[in-house]
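Here is the structure we will look at, set down as structure tokens.
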Amino acid sequence: MILSTSSSITHSIEVVELLGVLAFAFTGIIEARKKGMDLFGVYTVSMIAAFGGGTIRDLLIGNYPLYWITHSSFALMLLGFALASSFLGTAFYENKQVNNAFEVLDTLGLGLFSTAGASIAQQAGCDFYISLLLGVATAVFGGVLRDIVCNEIPKVFRRNELYATCAFVGSLVFLVSLQFGLNTLAAMLIGALATVLLRLFSVKYNIKLPF
Amino acid sequence: MILSTSSSITHSIEVVELLGVLAFAFTGIIEARKKGMDLFGVYTVSMIAAFGGGTIRDLLIGNYPLYWITHSSFALMLLGFALASSFLGTAFYENKQVNNAFEVLDTLGLGLFSTAGASIAQQAGCDFYISLLLGVATAVFGGVLRDIVCNEIPKVFRRNELYATCAFVGSLVFLVSLQFGLNTLAAMLIGALATVLLRLFSVKYNIKLPF
Amino acid sequence: MILSTSSSITHSIEVVELLGVLAFAFTGIIEARKKGMDLFGVYTVSMIAAFGGGTIRDLLIGNYPLYWITHSSFALMLLGFALASSFLGTAFYENKQVNNAFEVLDTLGLGLFSTAGASIAQQAGCDFYISLLLGVATAVFGGVLRDIVCNEIPKVFRRNELYATCAFVGSLVFLVSLQFGLNTLAAMLIGALATVLLRLFSVKYNIKLPF
Numbered sequence: 001m002i003l004s005t006s007s008s009i010t011h012s013i014e015v016v017e018l019l020g021v022l023a024f025a026f027t028g029i030i031e032a033r034k035k036g037m038d039l040f041g042v043y044t045v046s047m048i049a050a051f052g053g054g055t056i057r058d059l060l061i062g063n064y065p066l067y068w069i070t071h072s073s074f075a076l077m078l079l080g081f082a083l084a085s086s087f088l089g090t091a092f093y094e095n096k097q098v099n100n101a102f103e104v105l106d107t108l109g110l111g112l113f114s115t116a117g118a119s120i121a122q123q124a125g126c127d128f129y130i131s132l133l134l135g136v137a138t139a140v141f142g143g144v145l146r147d148i149v150c151n152e153i154p155k156v157f158r159r160n161e162l163y164a165t166c167a168f169v170g171s172l173v174f175l176v177s178l179q180f181g182l183n184t185l186a187a188m189l190i191g192a193l194a195t196v197l198l199r200l201f202s203v204k205y206n207i208k209l210p211f
Numbered sequence: 001m002i003l004s005t006s007s008s009i010t011h012s013i014e015v016v017e018l019l020g021v022l023a024f025a026f027t028g029i030i031e032a033r034k035k036g037m038d039l040f041g042v043y044t045v046s047m048i049a050a051f052g053g054g055t056i057r058d059l060l061i062g063n064y065p066l067y068w069i070t071h072s073s074f075a076l077m078l079l080g081f082a083l084a085s086s087f088l089g090t091a092f093y094e095n096k097q098v099n100n101a102f103e104v105l106d107t108l109g110l111g112l113f114s115t116a117g118a119s120i121a122q123q124a125g126c127d128f129y130i131s132l133l134l135g136v137a138t139a140v141f142g143g144v145l146r147d148i149v150c151n152e153i154p155k156v157f158r159r160n161e162l163y164a165t166c167a168f169v170g171s172l173v174f175l176v177s178l179q180f181g182l183n184t185l186a187a188m189l190i191g192a193l194a195t196v197l198l199r200l201f202s203v204k205y206n207i208k209l210p211f
Numbered sequence: 001m002i003l004s005t006s007s008s009i010t011h012s013i014e015v016v017e018l019l020g021v022l023a024f025a026f027t028g029i030i031e032a033r034k035k036g037m038d039l040f041g042v043y044t045v046s047m048i049a050a051f052g053g054g055t056i057r058d059l060l061i062g063n064y065p066l067y068w069i070t071h072s073s074f075a076l077m078l079l080g081f082a083l084a085s086s087f088l089g090t091a092f093y094e095n096k097q098v099n100n101a102f103e104v105l106d107t108l109g110l111g112l113f114s115t116a117g118a119s120i121a122q123q124a125g126c127d128f129y130i131s132l133l134l135g136v137a138t139a140v141f142g143g144v145l146r147d148i149v150c151n152e153i154p155k156v157f158r159r160n161e162l163y164a165t166c167a168f169v170g171s172l173v174f175l176v177s178l179q180f181g182l183n184t185l186a187a188m189l190i191g192a193l194a195t196v197l198l199r200l201f202s203v204k205y206n207i208k209l210p211f
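Residue numbers (the working numbering), protein chains in the order written: chain V, 1 to 211; chain C, 1 to 211; chain F, 1 to 211.
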């Protein structure tokens, strides 16, 4: 019973994580289309946005083989999305409801990537603070690399609503929950929830870092 | 007899690959000189253009030690070229025949780097699609990093004639040829040939990706 | 006696190296503040400026685990500095004496990072020339990554006073001193001294690379 609940939770996380990958990939597609890139550019930027953060984390801790290299179906799926994006007009990318939907997925991805990143770093032997940092890096460095390739100052470094800070708080809640004896799955869910709530709160009330 | 033919083919490939390294390095020198960089900048950008693609591939698959780190004569040779580039006036870099000659070398390099990259990825255990992607990455990411360092949106992502697509097709032809039982050397030659022909065809008839 | 002298020298080097890390981090803070980044941006850029060079060296030679990942107190300390930088007005960052003080620390860091980087590369089995290059990379690539993230052409590639060249000469002096039989510590001090003197000389007399 517990097992089946737990595995249905795991399954749910996998589904949402997949949605997170797609959301991050989609931010890459939007950015690349705005810059007038061709299909190859769009595909590359979407791959970088989706897998860049986890790749940087894994290179920093020497965590081989990389996930997307041993699970090529993700890369193939993103190729399908990059191709499909060619047939969608600019109206689609500017549609408010579409952007809202992807904003929600992006926020879910932020929460799951940060806690999953912190968890992987900790399992690789990193201490509390470095695991925290690598959780944040997993969640935000895909976007940082996406913006660098598109020749922009990374959005996440600018004074907008809270974004990296949400990943920071989510990773922190995750790691503290672990120390209080929660199991990894429960701690991940609580951490991801903290990320998502703080992000929604920040967007709604337009809260920024004071400095 | 077969062995000697084969080794003379290998020797030919090595010569052309060396020309490819030089051509890629030269694109870095040209770009850096245009930006008014000093000798150190020119040298660094030429190293990045020549070895960046292979380095990214090797970091992604954990393929240590890196080739240029254990074969320092390449890096020394590029230092010689960066130095020599100081004594060539801007007229040389703008000369049409010089640019044409390097365009040809760059195309050869594109073909050989993409098939060699796909081959190395496959030998490291990557599956068909990831080997294909890493073949393309080997061929084009030196140029991507060169453009990022020079603060430009990577040329290869813009809507020009086919470039990355040629590397993609060449890697694909190489990997499919292997599956049809050809030996690595023959498959590499066919793949590189496909890359070069598609590239020449695209430049001649100004063909771009339709989306 | 010799041991105690030697360990007090080691201690001195550690202190100056720490000052070098701080100086490099501070250049990141200044650059990020100038770009109007928020606390997260400032912290990230300062981390990249301080640890980027050594991280690139270690990734290129597969030298795991990374120093700053196993010594998290550095990353925590930089967080303190990024936080503190929020409370300092722009007047502080534009104060000439402050800038001069950090210029001196930056030069010390340049000397120690280049020789330490060359030493680590050599111990990892790199030959003379690659060790030389990786010494330079250790000293300057933090600044290169800092500038790329801030969407600027890396300062070190532009025609200013000598900078990378000083790291090059310092690494060269270090490696040649080793070949003449000096011990690592003495060779590092001589190499770092050469870096610092050449840099001061270059700034004072406004010497640039002639090409």
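By construction, the Cβ of each residue, glycine as well, lies at the ideal position given by its N, Cα and C atoms. Here the structure is a predicted model, which means the values were calculated and not measured.
Identity of the residue in the options nearest residue i by Cα
i, options, result
"ARG33 (chain V)", "V:ALA121, V:SER46, V:LEU78 and V:ALA23", "V:SER46"
"ALA185 (chain F)", "F:LEU145, F:GLY36, F:ILE120 and F:ASP38", "Residue identity check: residue 185 (chain F) is Leu in the sequence provided, not Ala. Comparing Cα-Cα distances from LEU185 (chain F) to each of F:LEU145, F:GLY36, F:ILE120 and F:ASP38, the minimum goes to F:ILE120."
"PHE92 (chain F)", "F:PHE26, F:VAL15 and F:SER171", "F:PHE26"
"GLN122 (chain F)", "F:LEU198, F:LEU175 and F:ALA23", "F:LEU175"
"ILE207 (chain V)", "V:LYS96, V:LEU189 and V:GLU161", "V:GLU161"
"GLY125 (chain F)", "C:ILE69, C:CYS126, C:ALA23 and C:ALA50", "C:ILE69"
"SER73 (chain C)", "C:LYS204, C:LEU198, C:LEU18 and C:LEU88", "C:LEU18"
"VAL173 (chain C)", "C:THR55, C:SER131, C:LEU200 and C:ASN95", "C:SER131"
"LEU22 (chain V)", "V:GLN97, V:ILE61, V:LEU79 and V:ASP58", "V:LEU79"
"LEU60 (chain C)", "V:LEU189, V:LEU66 and V:ARG199", "V:LEU66"
"LEU189 (chain V)", "V:PHE113, V:ASP147 and V:ASP127", "V:PHE113"
"LEU200 (chain C)", "C:LEU182, C:GLU103, C:ASN183 and C:ASN99", "C:GLU103"
Within 8 Å, strictly: CB atoms of residue i and residue j
i, j, result
"VAL140 (chain V)", "ALA164 (chain V)", "yes"
"ILE217 (chain F)", "ASN151 (chain C)", "No answer is possible for residue 217 (chain F): the residues shown for chain F start at 1 and end at 211."
"GLY191 (chain V)", "SER202 (chain V)", "no"
"LEU209 (chain V)", "PHE40 (chain F)", "yes"
"TYR129 (chain V)", "ALA75 (chain F)", "yes"
"GLY212 (chain V)", "LEU134 (chain V)", "The requested residue 212 (chain V) is not part of the displayed model; chain V covers only 1 to 211."
"GLY111 (chain C)", "VAL196 (chain C)", "yes"
"PHE157 (chain V)", "ASP38 (chain F)", "yes"
"GLY53 (chain F)", "ALA137 (chain F)", "yes"
"GLY28 (chain F)", "ILE48 (chain F)", "yes"
"LEU198 (chain F)", "CYS166 (chain F)", "yes"
"LEU105 (chain V)", "GLY20 (chain V)", "yes"
Residue range of the unbroken alpha helix (DSSP H) whose run includes residue i
i, result
"GLY109 (chain C)", "96-123"
"MET188 (chain C)", "184-205"
"ARG146 (chain F)", "128-149"
"VAL173 (chain F)", "164-179"
Residue i classed as buried or exposed, judged by whether at least 16 other C-beta atoms fall within 10 angstroms
i, result
"THR107 (chain V)", "buried"
"LEU83 (chain F)", "exposed"
"ALA101 (chain V)", "exposed"
"LEU3 (chain F)", "Its pLDDT being 42, under 50, LEU3 (chain F) is placed unreliably in this model, and the value from its coordinates should be taken loosely. LEU3 (chain F) comes out exposed."
"THR115 (chain V)", "buried"
"SER171 (chain C)", "buried"
"TYR43 (chain F)", "buried"
"TYR205 (chain V)", "exposed"
"PHE180 (chain V)", "exposed"
"PHE24 (chain V)", "buried"
"PHE87 (chain C)", "exposed"
"THR55 (chain V)", "buried"
"MET1 (chain C)", "Since pLDDT at MET1 (chain C) reaches only 36, below the 50 mark, its modelled position is unreliable, and no value is offered."
What are the uninterrupted segments assigned as beta strand (DSSP E) that are 3 or more residues long and contained completely in the region 51-79 of chain C, given in chain order?
-> Counting only runs that start and end inside the region 51-79 of chain C, there is no beta strand (DSSP E) element of at least 3 residues.
Of all the beta strand (DSSP E) runs that stay within the bounds of the region 16-51 of chain V, which reach a length of 3 or more residues?
-> Within the region 16-51 of chain V, no run of beta strand (DSSP E) at least 3 residues long lies entirely inside it.
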